[in-house]
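Report on the structure given below.
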Amino acid sequence: MSETQVFGIPKIWKTDVHTHYCPGCTHGVAHRLVCEAIEELGIQNRVMGIAPVGCAVLMHEYMDLDFIEAPHGRAPALASGMKAVRPEKVVFTYQGDGDLASIGMGEIVHTMNRGLPLTIIFINNAIYGMTGGQMAPTTLLGQKSTTSPAGRSAKVSGYPIRMCELLATLEGPAYIERAALTQSKYIVKAKQAVLKAFKNQAEGKGLSFVELLSTCPTNWGMRPVDACKWLEENMVPYYPLGVYKDFE
Numbered sequence: 004m005s006e007t008q009v010f011g012i013p014k015i016w017k018t019d020v021h022t023h024y025c026p027g028c029t030h031g032v033a034h035r036l037v038c039e040a041i042e043e044l045g046i047q048n049r050v051m052g053i054a055p056v057g058c059a060v061l062m063h064e065y066m067d068l069d070f071i072e073a074p075h076g077r078a079p080a081l082a083s084g085m086k087a088v089r090p091e092k093v094v095f096t097y098q099g100d101g102d103l104a105s106i107g108m109g110e111i112v113h114t115m116n117r118g119l120p121l122t123i124i125f126i127n128n129a130i131y132g133m134t135g136g137q138m139a140p141t142t143l144l145g146q147k148s149t150t151s152p153a154g155r156s157a158k159v160s161g162y163p164i165r166m167c168e169l170l171a172t173l174e175g176p177a178y179i180e181r182a183a184l185t186q187s188k189y190i191v192k193a194k195q196a197v198l199k200a201f202k203n204q205a206e207g208k209g210l211s212f213v214e215l216l217s218t219c220p221t222n223w224g225m226r227p228v229d230a231c232k233w234l235e236e237n238m239v240p241y242y243p244l245g246v247y248k249d250f251e
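Add 3 to the 1-based position in the sequence shown for the numbering used here, that's all there is to it.
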C-alpha cells in the first residue's frame, strides 16, 4: 500500500464528509479517480479545481484541494484565466453535460481552440441531474426526461451532441479520450485517461479532455444495476469509447 494512502483511500479524499450524491451515481467513482491521479503524481499542492454548477457543485467538500466555484458553464473561461495568471498551477475543471455542452458550449469550444495547458473532466450522464432530470444536449434519441416525456425527437430537439468528436476537430487540444464508469474493466481505462490528462498538464504538454460516461439512476428512473446496463447498451454505441486525439 502506498504511504500516501490509508486503507486504500487517497489522503486527498475527506472521509468524514457524507456524500450528497444519489445511490448508484458514479460521480463518486469519477471523484476518486481524480484524487488518485493527483496523489500519484504528487501534485496536490499545485492543483486548482474549478467546480461547476450542477451535481458536482459540492465536490470541493470532498477533496483536500484548492477550489473555485464557477458560474454555470463558465468553468473553462475561469480556468483559462487562472492558468494565465498562475501558469505553475495544475488547473482542472469538472463539468456535467448540461454545464459544459449547453450553457457552456461557447466557453468549452474557445478554450479548447486556444489550447492552454488545462485538464477538463466531462461527466456525460445524458441528462440534467441536479435540476430535475430535464433533457440535456447529450440526451439520446427516444430517451425520456422531464422535458421530453415522450422521448427525445430529432425533429423537435435535434441530435445528441458528441463532444469528443466535435472537439477533436480543433487544433488546440493535445489529448481527448472517452471512457465509462460502469464496470471494473472500464474504470481501469478511465483511471488511465484521467491520470494521463493530469500528467500532460503537469509536464506542460497541452490541454487534455476526458469524457466519462456516467449513470444517473434517479433521473433515469432505474435501479443502479439496471442503469449501468442501460448505459452500456445505449450510450456506449452512440458515444464510442476510446482515444479521439493524442499528440503522442
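The C-beta atom is built at its ideal place from N, Cα and C for all residues, glycine as well.
All values reported here derive from a predicted model rather than from experimental measurement.
Helix, strand or coil at F250 according to DSSP, with G and I counted as helix: coil
Test item: CB-CB of H34 and M51 under 8 Å: no
Alpha carbon of H21 to alpha carbon of R49, nearest angstrom: 26 Å
Same chain only: Cβ atoms within 6 Å of V93, ignoring 5 sequence neighbours per side: I46, R49, V50, Q204 and A205
Rounded separation between F125 and T172 - CA only: 17 Å
DSSP beta-bridge partners of Q137: DSSP, once it has assigned bridges, lists no residue as partnering Q137.
Counterpart residues of L144 in DSSP-defined beta bridges: R155
Alpha helix (DSSP H) runs wholly inside the stretch 29-72, at least 4 long, in chain order: 30-44
Separation of L68 from D19, as counted between CA atoms: 15 Å
Where Q186 falls, given that 16 or more other Cβ within 10 Å makes a residue buried: exposed
Rounded separation between G132 and L170 - CA only: 23 Å
Neighbour-count burial assignment, Y189, 16 or more Cβ in a 10 Å radius: buried
Pick from A129, Q98 and W16 that is closest to W325, judged by C-alpha positions: Nothing about residue 325 can be read from this structure; the chain reaches only from 4 to 251.
Limits of the alpha helix (DSSP H) - the one that L170 falls within: M166 to L170
Nearest residue (CA-CA) to G107, options G145, P74, L119 and K147: P74
Simplified DSSP state of S217, which is helix, strand or coil: coil
Cβ separation of I218 and C58, assumed to be a contact under 8 Å, to the nearest whole Å: Note on identity: in this sequence residue 218 is Thr, with Ile being the wrong assignment. The Cβ separation is near 12 Å, so there is no contact.
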